[in-house]
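J.: The sequence shown runs 1 to 337 under the UniProt record's numbering.
All C-beta atoms, glycine included, are put in the ideal place defined by N, C-alpha and C.
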Amino acid sequence: MRHVIALDVGGTGMKAALVGADGALLHEARRRTGRERGADAVIESILDFAAELRAYGELKYGQRAEAAGVAVPGIVDTERGIALFAANLGWENVPLRDLLHERLGIPVALGHDVRTGGLAEGRIGAGRGADRFLFLPLGTGIAGAIGIDGVIEPGAHGSAGEIGHIVVRPGGTPCGCRQRGCLERYASASAVTEAWAEASGDPDADAADCAKAVESGDPRAVAVWQHAIDALADGLVTAVTLLDPRTLIIGGGLAEAGETLFTPLRAAVEERITFQSLPAIVPAALGDTAGRLGAGLLAWDLLEAEGRRPEAEAGPDGPDAPGTDAHVPTQSTEVTA
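In structure tokens form, the structure reads like this:
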């Protein structure tokens with residue numbers, strides 16, 4: 001069974017998969033990032049996790065993974081394979097691609113987590129067929145992936161789409177990026193969790209609990225939720241002004257609230273629009289599999305670029321060509337919590 005390793009590293013946890021040549025998630029696993037232990041420990045956890053996935057694939061399928069795709073947060077130099085900076089993980093200038101190649105002995109593609117998720121959403125998800133879109137997952141932090149004609153824009157220095165660090169509240173809450181008042185300090189899932197835990201007096205309460213309390217009419221929750229919605233709408237209108245996307249795709253943990261998020265968000269954005277064209281605001285289609293699927297696409301695309309895929313699976317008209325249904329995820333054969 002031909003497969004690649006796909007690893008999606010987040011600020012809180014890592015989600016991984018072995019991905020078949022047809023895009024199927026053959027095996028899935030999760031692990032905590034452990035960022036509280038420091039950047040060096042996080043790096044070692046990534047290397048160990050990837051090695052365990054390689055070993056599992058060898059044992060299960062009788063052959064090792066052919067490549068690995070790894071998506072990480074922050075600012076990423078995909079050409080050199082360096083994780084330049086991640087406020088959520090506390091690292092700078094990590095040669096992660098080389099470190100993984102040394103540990104695994106296979107080709108490695110390194111990508112930005114959100115742009116990698118955007119690649120999957122654009123190819124097979126909510127952005128499929130859209131000529132210009134912005135993919136925005138609301139998780140531990142906030143970043144964006146800018147999709148233009150099927151290509152995810154990396155920017156000149158690897159930091160395109162870092163909308164989470166647009167200042168929406170000048171002089172406001174300090175951010176890990178060393179600014180104050182950044183969007184992600186008000187509208188990320190972690191920001192809502194922090195605000196709701198304080199407002200409710202329950203230190204274990206999270207953003208999902210806040211959404212449920214909003215639905216039940218709790219005025220404290222409504223105030224916290226609206227505070228986040230207002231900040232998010234301010235940030236989105238800035239993005240719309242600069243990028244003029246046709247579609248805004250909202251994903252991440254906060255989007256799981258469904259219309260509790262989308263109804264007031266659409267209204268708040270529309271209230272702020274003046275001369276700009278109002279884009280469609282839609283939920284992401286792939287959920288938390290987007291990063292893994294995108295990382296898998298990175299790995300298979302790397303092999304294709306190196307001419308290492310059989311003719312039956314490669315080429316612009318082959319069954320695995322980018323943008324075809326061959327990459328639509330299928331039922332996982334194994335899931336490991």
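(1) Among all the DSSP beta bridges, which residues are the ones paired with Ile5?
(2) Which runs of the alpha helix (DSSP H), 4 residues or longer, sit entirely within the segment 15-99?
(3) Closest to Leu96 by CA distance: which of Leu84, Tyr56, Asn88 is it?
(4) Could you have a look at Leu286 and say whether DSSP puts it in helix, strand or coil?
(5) If distances are taken between C-alpha atoms only, which option among Leu278, Ala156, Gly38, Thr247 comes closest to residue 352?
(6) For Gly13, list the residues DSSP reports as bridge partners.
(7) What is the DSSP secondary structure of Leu278, counted as helix, strand or coil?
(8) Using the rule of at least 16 other Cβ atoms within 10 Å of the residue's Cβ for burial, across every protein chain shown, is Asp244 buried or exposed?
(9) Using C-beta distances below 7 Å, list every residue in its chain close to Gly161, excluding the 5 sequence neighbours before and after it, in chain order.
(10) Mark Ser277 as exposed unless 16 or more other C-beta atoms lie within 10 angstroms of its C-beta, in which case mark it buried.
(11) Determine, using beta-carbon pairs with one atom in the segment 161-172 and one in the segment 180-200, whether at least three such pairs fall under 8 Å.
(12) Quick one: give me the first and last residue of the alpha helix (DSSP H) that Gly111 is part of.
(13) Ordered along the chain, which non-local residues of its own chain (more than five positions away) have a Cβ less than 6 Å from that of Ala191?
(14) Between the segment 64-75 and the segment 121-138, are three or more C-beta pairs nearer than 8 Å?
(15) Beta-carbon separation of Leu297 and Ala126 under 8 Å?
(16) Could you check the C-alpha separation between Cys182 and Thr140 for me, to the nearest Å?
(17) Starting from Leu265, trace the alpha helix (DSSP H) both ways and give me its first and last residue.
T.: According to the structure shown:
(1) Leu18, Ala68
(2) 39-61
(3) Leu84
(4) coil
(5) With the chain covering 1 to 337 only, the question about residue 352 has no answer from this structure.
(6) Arg32
(7) coil
(8) exposed
(9) Val114, Arg115, Ala143, Gly144, Ala145, Ile146
(10) exposed
(11) yes
(12) First-last for Gly111: 108-112, but that is the beta strand (DSSP E), not the alpha helix (DSSP H).
(13) Arg185
(14) no
(15) no
(16) 13 Å
(17) 259-272
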